[in-house]
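**Student:**
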Amino acid sequence: MWLLVAGGATFAAFPEWYATLFSGFYLPLFLILVSLIVRGVAFEYRSKYGKAQWRQRWDIAILISSVIPALLWGVAFANIVRGVPIEKSAAGNLEYTGGFFNLLNPYALLGGVVTLTVFLTHGAIFLSLKTAGGIREKARSLAIKLGLVAAVAAVAFLVWTNLMLPKLNAIVLTLSIVVALAWVAGLAATLKVREGWAFIFSAVAIATFVADLFYALYPRVMPSSLGAQFDLTITNASSTQYTLKVMTVVAVIMTPLVLLYQGWTYWVFRKRVSASQILHPERGALDSATHILHQ
863 MWLLVAGGAT FAAFPEWYAT LFSGFYLPLF LILVSLIVRG VAFEYRSKYG
913 KAQWRQRWDI AILISSVIPA LLWGVAFANI VRGVPIEKSA AGNLEYTGGF
963 FNLLNPYALL GGVVTLTVFL THGAIFLSLK TAGGIREKAR SLAIKLGLVA
1013 AVAAVAFLVW TNLMLPKLNA IVLTLSIVVA LAWVAGLAAT LKVREGWAFI
1063 FSAVAIATFV ADLFYALYPR VMPSSLGAQF DLTITNASST QYTLKVMTVV
1113 AVIMTPLVLL YQGWTYWVFR KRVSASQILH PERGALDSAT HILHQ
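863 is the number of the first residue of the sequence shown in this note's numbering; add one for each residue after it.
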């Protein structure tokens, strides 16, 4: 849902950015969308048939369709930070002139490793928060190991980014320190079996990491590697002032409502789940959730 919201909001608020981003990053974004669709289908169809081979195939589909978006988000994000080949077309519009393999540069691949390991760690912490017994312990142990790998990759990425971008001021460096402290605090909380705090700290680290990169880019939203005159900025990529005002009003009203709804769903499913509660593995996802709620 949030992917569709982000795409729609970008189209309305920054149409020039939307056109350049989605035309240049078409294949990665398409693969992300297909992976998310396959992932949702796989969770439900995994339990539709009792044979182990059937379930194993859907497990592989879940794994692949989960790894691809996590990896490609980092590749896309890193390319936005690094800059991509953008120049003016004959019609006077700023267009992406590179190809798919231009996006697979070392810096972008490192960004993909960062998002992959960070999302895996965040997911493992959440799994340890929502489960009990052996699953909880395995998830917690995995979160600690993955968290250390993510920390090394993220430090390398932040150092590379700070060396590459010209805007090295106190705020950027302070946000980088906040990211590091929040991530370390999350790992420490995981070690102390405080999964709730670990999840909060890792979420803060991720949000601050994103804010740090966008602040370092500001006022650019998509730098051009061919020259600063081709950069997309919040000025030349934005929509009309009236559109931005309408979008602001809609966002102020609707965003809290969506967050409240999601918060309510998390509250409903707040109890921990153990393997013993799922009595019938052939159940689908909806039936299993209904069974757990009535425990």
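All C-beta atoms, glycine included, are put in the ideal place defined by N, C-alpha and C.
What number of angstroms, rounded off, separates the C-alpha of residue 1132 from the C-alpha of residue 998?
**Tutor:** If you take the alpha carbons of residue 1132 and residue 998, they lie about 15 Å apart.
**Student:** Between the beta-carbon of residue 1106 and the beta-carbon of residue 875, is there less than 8 Å?
**Tutor:** A contact, by the Cβ cut-off of 8 Å.
**Student:** How far does the beta strand (DSSP E) with residue 958 in it reach, from first residue to last?
**Tutor:** First-last of the beta strand (DSSP E) with residue 958: 956–958.
**Student:** Taking its Cβ as the centre, do 16 or more other Cβ atoms sit within 10 Å of residue 1126, making it buried, or is it exposed?
**Tutor:** It counts as exposed.
**Student:** Could you please give the first and the last residue of the uninterrupted alpha helix (DSSP H) stretch that includes residue 926?
**Tutor:** Note, residue 926: alpha helix (DSSP H), 914–944.
**Student:** Any idea what DSSP makes of residue 1096, helix, strand or coil?
**Tutor:** Reduced to three states, the DSSP call for residue 1096 is coil.
**Student:** Over the uninterrupted alpha helix (DSSP H) stretch that includes residue 900, give me the two end residues.
**Tutor:** Start and end: 888–907.
**Student:** Should residue 890 go down as buried or exposed, given a rule of 16 or more other Cβ atoms within 10 Å for buried?
**Tutor:** Buried, since its Cβ has 16 or more Cβ neighbours within 10 Å.
**Student:** If I measure Cβ to Cβ from residue 1012 and keep anything under 8 Å in the same chain, skipping five residues before and after, which residues do I get?
**Tutor:** Taken in chain order, the residues that qualify are 976, 979, 980, 982, 983, 1045.
**Student:** The beta strand (DSSP E) that contains residue 1083, what's its start and end?
**Tutor:** Where residue 1083 is concerned, the enclosing beta strand (DSSP E) stretches over 1082–1084.
**Student:** Inspect the CB distances between the segment 940–960 and the segment 1087–1102 and report whether three or more fall short of 8 Å.
**Tutor:** Yes: at least three Cβ pairs fall under 8 Å.
**Student:** Are the segment 1003–1012 and the segment 983–993 in contact at 8 Å, needing three or more beta carbon pairs?
**Tutor:** The segment 1003–1012, when compared against the segment 983–993, does touch it at the 8 Å Cβ threshold.
**Student:** Taking the beta carbon of residue 1118 as the centre, do at least 16 other beta carbons fall within 10 Å, making it buried, or is it exposed?
**Tutor:** The residue is exposed, with fewer than 16 neighbouring Cβ atoms inside 10 Å.
**Student:** Measuring CB atoms only, is the segment 1066–1078 touching the segment 927–934, in the sense that at least three cross pairs come out at less than 8 Å?
**Tutor:** Contact fails: fewer than three Cβ-Cβ distances are below 8 Å.
**Student:** Could you spell out where the beta strand (DSSP E) holding residue 950 opens and where it closes?
**Tutor:** Per DSSP, residue 950 belongs to the beta strand (DSSP E) from 948–950.
**Student:** Count the CB pairs spanning the segment 954–968 and the segment 871–886 that are closer than 8 Å, and state whether there are at least three.
**Tutor:** Segments in contact, yes.
**Student:** Look up residue 872 in the DSSP assignment and say whether it is helix, strand or coil.
**Tutor:** Residue 872: helix per DSSP, three-state reduction.
**Student:** Determine the contact status of residue 940 and residue 972, defining contact as a CB-CB distance below 8 Å.
**Tutor:** For residue 940 and residue 972, yes; Cβs fall inside 8 Å.
**Student:** By DSSP, does residue 1055 sit in helix, in strand, or in coil?
**Tutor:** The answer is coil: DSSP assigns residue 1055 none of H, G, I, E or B.
**Student:** Does residue 1137 pass the burial test, meaning 16 or more other C-beta atoms within 10 Å, or should it be called exposed?
**Tutor:** Classification of residue 1137: exposed, given that the 10 Å Cβ count is below 16.
**Student:** So residue 879 and residue 1078 are supposed to be a Cβ contact under 8 Å. How far apart are they, rounded?
**Tutor:** Actually they are not in contact, since the Cβ atoms of residue 879 and residue 1078 sit about 17 Å apart, beyond 8 Å.
**Student:** Would you mind giving the Cβ-Cβ distance between residue 950 and residue 1092, rounded to the nearest angstrom? I have them listed as a contact below 8 Å.
**Tutor:** The pair is a contact, with the Cβ atoms about 7 Å apart (cut-off 8 Å).
**Student:** If you count every other CB in all the chains shown that lies within 10 Å of the CB of residue 1159, and 16 or more means buried, which is it?
**Tutor:** With the chain represented from 863 up to 1157, any question about residue 1159 goes unanswered, as that position is not in the structure.
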